[in-house]
Amino acid sequence: MAAQKINEAHEHIAKAEKCLKTSLTKWKPDYDSAASEYGKAAVCFKNAKQYEQAKDAYLKEAESHTENKTSFSFYRAIEQAGMMMKEQKKMPEAIQYIEKACMMYMENGTPDTAAMALDRAGKLIEPINLEKAVDLYQKAAGVFENEDRLRQAVELLGKASRLLVRLKRLDEATVALQKEKNMYKEIENFPMCFKKTTAQVLVHLHRADFVAADKCVRESYSLPGYSGSEDCVAMETLLQGYDEQDDDQVYRVCNSPLLKYMDNDYAKLAISLRVPGGGKKKAPAAPQGGGSATSAAAEEEDDYEGGLC
Numbered sequence: 001m002a003a004q005k006i007n008e009a010h011e012h013i014a015k016a017e018k019c020l021k022t023s024l025t026k027w028k029p030d031y032d033s034a035a036s037e038y039g040k041a042a043v044c045f046k047n048a049k050q051y052e053q054a055k056d057a058y059l060k061e062a063e064s065h066t067e068n069k070t071s072f073s074f075y076r077a078i079e080q081a082g083m084m085m086k087e088q089k090k091m092p093e094a095i096q097y098i099e100k101a102c103m104m105y106m107e108n109g110t111p112d113t114a115a116m117a118l119d120r121a122g123k124l125i126e127p128i129n130l131e132k133a134v135d136l137y138q139k140a141a142g143v144f145e146n147e148d149r150l151r152q153a154v155e156l157l158g159k160a161s162r163l164l165v166r167l168k169r170l171d172e173a174t175v176a177l178q179k180e181k182n183m184y185k186e187i188e189n190f191p192m193c194f195k196k197t198t199a200q201v202l203v204h205l206h207r208a209d210f211v212a213a214d215k216c217v218r219e220s221y222s223l224p225g226y227s228g229s230e231d232c233v234a235m236e237t238l239l240q241g242y243d244e245q246d247d248d249q250v251y252r253v254c255n256s257p258l259l260k261y262m263d264n265d266y267a268k269l270a271i272s273l274r275v276p277g278g279g280k281k282k283a284p285a286a287p288q289g290g291g292s293a294t295s296a297a298a299e300e301e302d303d304y305e306g307g308l309c
């Protein structure tokens with residue numbers, strides 16, 4: 001089967017080369033037919049898993065489209081060449097081709113196609129290069145935002161924010177989360193604004209910036225339905241526990257279902273959050289009728305609760 005496809009591919013290449021030849025009766029190369037034949041050859045090579053040859057065929061297709069001024073087909077062929085590099089696990093080269101195609105999509109009035117290609121490129125590179133994936137997702141979000149397609153833009157921003165948290169680039173994550181929150185507010189998706197407030201609080205507390213975390217919650221009081229909501233009560237309780245260095249209270253909130261079932265990167269922030277200075281445990285209630293020894297022990301514990309000074 002593979003050998004048959006390879007033979008077919010070479011037949012298409014021969015036809016393409018013939019289309020490009022000129023003669024006394026044929027003054028101009030037939031670029032359109034050549035591009036079609038190179039495209040068919042590329043598909044045959046791809047089906048035979050001959051990805052390097054498929055890439056070369058797609059690039060020749062693109063070159064023919066350039067001569068024939070058929071822009072969209074040219075970009076498409078460049079993007080497909082990138083996909084062939086992906087099949088060979090040559091991810092940096094694959095992303096270069098796809099990014100090149102995306103920029104051309106943008107320049108020639110097809111921004112939606114560009115944004116979707118950038119999103120695909122981000123997914124491809126994410127397992128091996130988180131930094132590059134962040135860049136691609138943010139570029140794709142920017143394209144959708146410029147087209148006033150905020151729902152698509154905010155979804156991509158969300159991907160970038162989560163990866164920034166994973167990379168521990170928390171200062172940048174706070175900026176990205178605020179932008180997400182603003183977009184959700186603009187499209188009136190207030191429950192998602194609540195979730196983004198929770199994510200902001202966790203990120204700020206990991207940055208040891210209690211003031212910024214508290215400000216996020218206070219600003220969210222203006223969101224319809226936030227005050228008194230489950231999200232709001234949880235964050236107020238968390239901030240109180242953090243401010244009072246109460247380990248137990250912080251632990252209860254951070255291990256509640258509300259936070260444990262957030263996106264994985266934020267859930268990890270929650271379960272790893274510690275109060276500054278090691279925190280304290282609430283003293284157990286004194287037993288009733290415990291006798292003088294128990295009372296003395298309790299008094300002694302109280303004497304040292306605040307330290308030796």
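For the sequence shown, the tail end lands on 309 under UniProt numbering, and the numbers increase by one without skipping.
Where a beta carbon is used, it is the ideal one built from N, C-alpha and C, also for glycine.
It should be emphasised that the depicted structure is a prediction, and the values quoted were computed from it without experimental measurement.
Give me, in chain order, the residues of the same chain whose beta-carbon lies closer than 8 angstroms to that of ALA208; leave out the 5 immediate sequence neighbours on both sides. One-based indexing of the sequence shown puts residue 208 at position 208. So the qualifying residues of the chain are PRO276.
Using 7 angstroms as the threshold, is the C-beta distance between GLN80 and TYR58 below it? Working through the sequence shown from its first residue, we reach residue 80 at position 80. Working through the sequence shown from its first residue, we reach residue 58 at position 58. Their beta carbons are under 7 angstroms apart, which means GLN80 touches TYR58 by this criterion.
What do you reckon, are the CB atoms on LEU170 and ALA140 nearer than 7 angstroms? Locating residue 170 in the sequence shown gives position 170, where the first residue counts as 1. Locating residue 140 in the sequence shown gives position 140, where the first residue counts as 1. It is not a contact, given that the beta carbons lie outside the stated cut-off.
Going by beta carbon distance, what residues of the same chain come within less than 6 angstroms of HIS204, once the five residues before and after it are set aside? The count along the sequence shown starts at 1 and reaches residue 204 at position 204. Cβ neighbours of HIS204 beyond the five flanking positions: ALA212 and ALA213.
According to DSSP, simplified to helix, strand and coil, what is LYS231? Translated into the one-based positions of the sequence shown, residue 231 becomes position 231. For the sequence presented, residue 231 should be read as Asp rather than Lys. Helix, per DSSP.
Can you give, in chain order, each stretch of the alpha helix (DSSP H) that sits fully within the stretch 132 to 190 and has at least 4 residues? 150 to 166 and 170 to 186
Touch test, the stretch 77 to 92 against the stretch 101 to 112, Cβ-Cβ under 8 angstroms, three pairs minimum: yes
Stretch-stretch touch, CB-based, cutoff 8 angstroms, three pairs: the stretch 217 to 229 with the stretch 159 to 166: no
From GLY307 to GLU131, what distance separates their C-alpha atoms? Here residue 307 corresponds to residue number 307 of the sequence shown, with the count starting at 1. Here residue 131 corresponds to residue number 131 of the sequence shown, with the count starting at 1. Below a pLDDT of 50, predicted positions are generally treated as unreliable, and GLY307, at 41, falls in that range; the measurement from the model is reported next regardless. Each residue's Cα considered, the two are about 46 angstroms apart.
Taking the alpha helix (DSSP H) that ILE271 falls in, what are its first and last residues? Indexing the sequence shown from 1 puts residue 271 at position 271. Counting along the chain, the alpha helix (DSSP H) containing ILE271 begins and ends at 264 to 272.
Just tell me which of ALA14, PRO257 and GLY142 has its CA closest to the CA of LYS60. The sequence position of residue 60 within the sequence shown is 60, counting from 1. Out of ALA14, PRO257 and GLY142, ALA14 has the C-alpha closest to the C-alpha of LYS60.
Taking its Cβ as the centre, do 16 or more other Cβ atoms sit within 10 Å of THR25, making it buried, or is it exposed? The count along the sequence shown starts at 1 and reaches residue 25 at position 25. Label assigned to THR25: exposed.
Other residues of its chain near ARG120: CB distance less than 8 angstroms, five sequence neighbours each side excluded: Position 120 of the sequence shown, counted from the start, is the residue given in the question as residue 120. These residues qualify, in order along the chain: ILE98.
Do you know how far the Cα of LEU177 is from the Cα of PRO191? On the sequence shown, residue 191 is found 191 positions in, with the first residue counted as 1. On the sequence shown, residue 177 is found 177 positions in, with the first residue counted as 1. So the alpha carbons of these two residues sit roughly 15 angstroms apart.
Quick one: grab the DSSP three-state call for ASP209. Here residue 209 refers to the residue found at position 209 of the sequence shown. Here ASP209 sits in coil by DSSP.
Assuming GLN240 and CYS216 make a contact with CB atoms under 8 angstroms, what is their CB distance in whole Å? To locate residue 240, count along the sequence shown from 1; it is residue 240. To locate residue 216, count along the sequence shown from 1; it is residue 216. Going by Cβ atoms, the distance from GLN240 to CYS216 rounds to 15 angstroms, so no, they are not a contact pair.
Buried versus exposed, by CB contacts within 10 Å (16 or more), THR22: Looking up residue 22 in the sequence shown gives position 22. Answer is exposed; the Cβ neighbour count stays below 16.
Span separating the alpha-carbon of CYS254 from that of TYR242: Translated into positions along the sequence shown, residue 254 becomes position 254. Translated into positions along the sequence shown, residue 242 becomes position 242. If you take the alpha carbons of CYS254 and TYR242, they lie about 11 angstroms apart.
Close beta carbons around GLU180, own chain, < 7 angstroms, minus the five adjacent residues each side: Taking the first residue of the sequence shown as position 1, residue 180 is located at position 180. Only VAL154, LEU157, GLY158, SER161 and LYS196 meet the Cβ criterion.
Does VAL250 come out as helix, strand or coil in the three-state DSSP assignment? What you label residue 250 is simply residue 250 of the sequence shown in a count that begins at 1. Reduced to three states, the DSSP call for VAL250 is helix.
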